[in-house]
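Have a look at the structure below, then the notes.
There are 4 protein chains.
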Amino acid sequence: MKAAIVGATGYAGQELCGLLATHPVLEPTFPMRGRADSPAADGVGALDTARFAEVDVVFLCTPHGAAAPLARAALDSGAKVVDLSADFRLKDPAAYEAAYGGPHPAPDLLDAAVYGLSEHARGQVAGAQLIANPGCYPTAVLLGLLPALEGQLVEHGTPIIADCKSGVSGAGVAPSLTTHYGNVAENFAAYKVGEHRHAPEIHQGAGTEQVVFVPHLLPCFRGILATLYLTPIAGVNAGHVREVLEARYRDEPFVTVRSDRMPNLHDVDLTNQCHLGVADAYGQIVVVSVIDNLVKGAAGQALQNANLALGLEEGLGLA
Amino acid sequence: MKAAIVGATGYAGQELCGLLATHPVLEPTFPMRGRADSPAADGVGALDTARFAEVDVVFLCTPHGAAAPLARAALDSGAKVVDLSADFRLKDPAAYEAAYGGPHPAPDLLDAAVYGLSEHARGQVAGAQLIANPGCYPTAVLLGLLPALEGQLVEHGTPIIADCKSGVSGAGVAPSLTTHYGNVAENFAAYKVGEHRHAPEIHQGAGTEQVVFVPHLLPCFRGILATLYLTPIAGVNAGHVREVLEARYRDEPFVTVRSDRMPNLHDVDLTNQCHLGVADAYGQIVVVSVIDNLVKGAAGQALQNANLALGLEEGLGLA
Amino acid sequence: MKAAIVGATGYAGQELCGLLATHPVLEPTFPMRGRADSPAADGVGALDTARFAEVDVVFLCTPHGAAAPLARAALDSGAKVVDLSADFRLKDPAAYEAAYGGPHPAPDLLDAAVYGLSEHARGQVAGAQLIANPGCYPTAVLLGLLPALEGQLVEHGTPIIADCKSGVSGAGVAPSLTTHYGNVAENFAAYKVGEHRHAPEIHQGAGTEQVVFVPHLLPCFRGILATLYLTPIAGVNAGHVREVLEARYRDEPFVTVRSDRMPNLHDVDLTNQCHLGVADAYGQIVVVSVIDNLVKGAAGQALQNANLALGLEEGLGLA
Amino acid sequence: MKAAIVGATGYAGQELCGLLATHPVLEPTFPMRGRADSPAADGVGALDTARFAEVDVVFLCTPHGAAAPLARAALDSGAKVVDLSADFRLKDPAAYEAAYGGPHPAPDLLDAAVYGLSEHARGQVAGAQLIANPGCYPTAVLLGLLPALEGQLVEHGTPIIADCKSGVSGAGVAPSLTTHYGNVAENFAAYKVGEHRHAPEIHQGAGTEQVVFVPHLLPCFRGILATLYLTPIAGVNAGHVREVLEARYRDEPFVTVRSDRMPNLHDVDLTNQCHLGVADAYGQIVVVSVIDNLVKGAAGQALQNANLALGLEEGLGLA
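Residue numbers (the working numbering), protein chains in the order written: chain A, 1254 to 1572; chain B, 1254 to 1572; chain C, 1254 to 1572; chain D, 1254 to 1572.
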């Protein structure tokens, strides 16, 4: 089987090229730039949608807005699409417009798009033509949160704090004041408090606007750690939440509920894993969720979804 | 005036030596090791409590437990004491025993000890013989939290999340697995969730056990950033909390309420400053508080307290 | 085929465990601690030389001195040995004693030991029972230097500067002042100038004491970059040295002579590759050589050597 | 006395603003942008050469080429000039043109310009109107090298290797691929081998083209470490070179010859100090020189020179 990667010069695109290089079944065709007019780069060719006809799956690693028309072209060519941009994540075009500042570029495709949080959408992903790959923060938050919500362990109407910290690769490969070494190293900051675009995605995925999502920029390259604070219903403590998480993820190859200690970024570095930890703290239940933002939070989950959609073994090419 | 520094080989002690080197009034006598039997180090002499009689103030930068008998000796010599250890922070000896694992080493001195969160205890510090210098995390949390609590802007009985992140200097100068570069760099973790010794200190300082304190280890050397989540009473938003913070700290030289953006660690690096930021986020009010953990969180606030107690200008020797 | 790893808790041992986990032929048996009395660690069992009889190859990742008796035990059990310690690198026991401060622990085995700089000892390694895996610095220096020396492009008797820089993982997993984050981050230093133990190994490998080796500690975890300065014979410039390097390494899967730019640590991160660059500079020829110190400089080259010695394809399990 | 700073938004300009903020005599007037058309920044005003008439000294922190006409304007206004750019460092306009790619912007001023390596040009600087502040690399190299050259301890005609390593602040505040955290952290590289613009400056300062200067980019923010390799004349060893360095710098407040160990970047962090170390290594003499590139390598030495030129105590405002 063959794959095309569009936007192969960004961090997610590079990571995906690396993963596909050792995939036993899915063969990458030539990696493409994200826009017809973007500068050439070593080994990355011009965007050529005609080549979508040659492949089984197209991975879109472009900025939001640019992905939707490419998705349409790929679907028309008969390829499946895994879109790593935000274009098909929000089901409500009004929510997209509010968050991304313009009308949705392809509202007619939204119904068909499947939100690909793999462990929570396996069946839908398997039959999908168009998969919206989740954002990095929503992946970390939702994997840690959904079982407790589904198990109705969280007190109705209480705030759920999602204090999230990401390595700087989440800000992309483009040089900027944000990504300058002098700004990142030995520094730390909260940013876009109350206005980050991943908030509506988390709210949609959690099925509630209770989640208070605040992102921070870590002085490191890779990884996301989300610290979640849940107000439990009466009689519930961390042990109960742990049981629910363990039961939910027992057979999942890419999610581990740690019992030894809280997880850290190194535990999941360069892997498609999500590690979870749980503890009681002064009446709240604290769930810590870590992923590699470029793998489980982007390229890895995209490949996991492609494997599912193409009928391959879900973990092929993933560690 | 003269000062003695005990425990001058640790990070707080080193920082204090650096600050005193340029202090216009307070002259450091020779820096001492923290224990009579600890190894010698460059320029740091043996512990010699007899020399306490020569000085106006003794700074104790020893581990908890070791400080209390030294404080007694210094007080008996007629010196004022600023204790950077935890020995006199908790007013309740039972709370000390629960947190620090042994009976309090000098319960008779607890009543006289003043908890030196300078901006909130200026009058008491000015007249004190024995000052308990606050912990690094409690300093960051309480400076951001107290005005909102005192202004009764926080809904009674709701959890107050204090998600805190510290540079590795907080773990001390001693080599350990925790402080190994290979464990710190490009990593991040929550630790001691629900069981950190600064939690009872924060509860005491805030006057409520509502505060849910969770510490994390940042891949950097200096600095603490605390992200506080408050449930406001009806009708209150971030603007109101900002006004209260600005009113409370308008004349404080070492606390700044930023209006341009959220503060980051670089803003306060190597200074005795605390910078605060406020924003609304999905029904919660987010207060971000940053300090340099070794300065405002340790040596700087200790010097600020010593200045106050000795009747000097509060900011002498501090930036 | 089966492998034993002794000293699996150190960085080289951990790296080797990681590589063997995906090796298609060579199966790791249980990883062992380096000494019978060393503390237990997660998933790492007691040292049990009786189990050497079960395996085809034993990897020794112990400190020098500890490896030699284990090598003898393994050889007696019929296993091949790849020793990552320094015990069999120096052919002259007097040189060992001078560098390592004690008599050689097994001088009778020295003759049989093959110095396993794979690309320069392939034939010998293929037939060896006991392979001395080269040190990390010597690997980087010798891969860049040997072709120019063999091609007689270096002026006889002139100094060859080998200014080398290593990430802190070269200092080992044990906590120490050297490896404390506060000492490593945002710092840089030369160390052991004129007295590092890898100097005699480089001299032996280069066949000359002309090489002036000076190591430095980088503020990063992995990687070695060696900057070599050669005085060329009359008429020779960087272009000639480049041609010789390219000719020598054209068919080598793990050595690349870059023509686009000087190599950096990221080029070889987590791989068994050595990248080389060449340029003229004010009469000297500068050769830059980079490796991942834990892979090509330790575990990776050890596996490359084991593959050769066991008659397997040389690159199995290596990237 | 009053000072103007032009180019106050770059790293050197920011550093100089910080130093002047606590200078007891020299008062900064308003900091200016480097070009009339450059974007405004917090607290940094428009370039206004008319204000040069108000000040005693003008610090030029602009890019090369932009400084020369500003220097002329300042001199015409009667101010002294310390130029931190490269415009007046090379005495030979042809060398400038070769290195900087265009004709010299003010060749008539070259004769009057003094090359301000403070410890080696004190007398000239004291009487100068126009001071060319040395480059960061040349400062580190020449302070370590000149005494041995002047003492004729180096074998005539032999190469002097200057293997230099700099923190990323040397690449400036502008975002670029070079300064992106993802390119800097956990990485290391040689760059501009044989073609860096500081090479002719070093050759001029050393009075010989023997010096083989190769720069490298460190994964840290501040600091330069230069490792110098000297071929001694017969009978000379590191002890002799050390004696010469100590004799030369005994009374210098900003240069220290360490006898305890080799210096590292932390030794001089945020100071105007240069620390030197010396050792023998296999027939070569190794001199290690470290400075903070933004202080002794830029703003600090500029202030030292301004103090000298204005008849103030040389070390005012410097640590």
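Cβ atoms here follow ideal geometry from the backbone N, Cα and C, with glycine treated the same way.
Predicted model, so just to flag it, every value in this text is computed and none were measured.
Can you name, in chain order, every residue of its own chain whose Cβ lies under 8 Å from the Cβ of residue i, other than the five neighbours on each side?
i: F1466 of chain D; result: Y1390, V1394, A1415, C1417, H1449, H1451, A1452 and I1455
i: L1273 of chain A; result: A1256, I1258, L1279, E1280, P1281, L1556 and G1570
If residue i sits next to residue j, beta carbons under 8 Å apart, how far is it from one beta carbon to the other, in whole angstroms?
i: G1550 of chain D; j: V1426 of chain D; result: No, G1550 of chain D and V1426 of chain D are not in contact; Cβ-Cβ is about 15 Å, not under 8 Å.
i: L1430 of chain D; j: G1476 of chain D; result: The Cβ separation is near 22 Å, so there is no contact.
i: G1536 of chain B; j: P1356 of chain A; result: No, G1536 of chain B and P1356 of chain A are not in contact; Cβ-Cβ is about 28 Å, not under 8 Å.
i: V1543 of chain D; j: V1521 of chain D; result: 5 Å
i: G1318 of chain A; j: P1358 of chain A; result: 6 Å
i: L1478 of chain A; j: K1333 of chain A; result: About 32 Å; that fails the 8 Å criterion.
i: A1347 of chain D; j: V1367 of chain D; result: In fact, because the Cβ distance is near 20 Å, the residues do not count as touching under 8 Å.
i: P1428 of chain C; j: P1428 of chain B; result: 4 Å
Specify the secondary structure class of residue i as computed by DSSP and reduced to three states.
i: D1301 of chain D; result: coil
i: E1280 of chain B; result: strand
i: A1427 of chain B; result: coil
i: L1486 of chain A; result: A small correction: the amino acid at residue 1486 of chain A is Ile; Leu does not occupy that position in the sequence shown. Looking at I1486 of chain A - three-state DSSP - the assignment turns out to be coil, as it is neither helix nor strand.
i: C1270 of chain A; result: helix
i: D1361 of chain D; result: helix
i: P1412 of chain A; result: coil
i: C1314 of chain B; result: coil
i: L1370 of chain C; result: coil
i: N1525 of chain D; result: coil
i: D1520 of chain A; result: helix
i: Q1377 of chain C; result: helix
i: P1468 of chain B; result: strand
i: H1449 of chain B; result: coil
i: V1382 of chain A; result: As written in the sequence, residue 1382 of chain A is Gln, which differs from the Val given in the question. Coil, per DSSP.
i: K1549 of chain D; result: helix
Is residue j closer than 8 Å to residue i when the C-beta atoms are compared?
i: G1287 of chain B; j: V1259 of chain B; result: yes
i: F1474 of chain D; j: Y1434 of chain A; result: yes
i: M1515 of chain C; j: V1548 of chain C; result: no
i: F1253 of chain B; j: L1383 of chain B; result: Not covered by the structure: residue 1253 of chain B. The range shown for chain B is 1254 to 1572.
i: A1306 of chain C; j: S1330 of chain C; result: yes
i: P1284 of chain D; j: G1296 of chain D; result: yes
i: A1438 of chain A; j: P1472 of chain A; result: yes
i: R1375 of chain C; j: L1561 of chain C; result: yes
i: L1402 of chain D; j: P1485 of chain D; result: no
i: A1326 of chain D; j: T1302 of chain D; result: yes
i: A1443 of chain A; j: T1315 of chain B; result: no
i: N1546 of chain A; j: G1458 of chain A; result: no
i: A1265 of chain B; j: A1552 of chain B; result: yes
Using a Cβ-Cβ cut-off of 7 Å (strictly less than) and excluding sequence neighbours within five positions of residue i, which residues of its own chain qualify?
i: A1555 of chain A; result: L1269, F1312, V1335, L1337 and N1386
i: G1462 of chain B; result: Before going further, note that residue 1462 of chain B is Glu rather than Gly in the sequence given. Contacts found: H1456.
i: N1558 of chain C; result: V1335, G1369, S1371, V1378, I1384 and N1386
i: A1424 of chain C; result: T1431 and T1432
Ignore the nearest five residues each way along the sequence and tell me which others in residue i's own chain have a CB closer than 6 Å to its CB.
i: A1491 of chain A; result: V1531, A1532, D1533 and I1538
i: A1572 of chain D; result: T1524
i: E1499 of chain B; result: V1510
Stretch pair the region 1493–1510 of chain A + the region 1353–1370 of chain A: three plus CB contacts closer than 8 Å: Judged by pairs of C-beta atoms under 8 Å, the region 1493–1510 of chain A does not touch the region 1353–1370 of chain A, as fewer than three such pairs exist.
Flag this pair as touching only if the region 1528–1543 of chain B and the region 1485–1502 of chain B have three or more C-beta atom pairs under 8 Å; answer yes or no. Yes, the region 1528–1543 of chain B touches the region 1485–1502 of chain B.
Under 8 Å, with one C-beta from each stretch per pair, do the region 1399–1411 of chain B and the region 1395–1402 of chain C reach the 3-pair mark? With a cut-off of 8 Å, the region 1395–1402 of chain C and the region 1399–1411 of chain B do not count as touching, because too few Cβ pairs lie within range.
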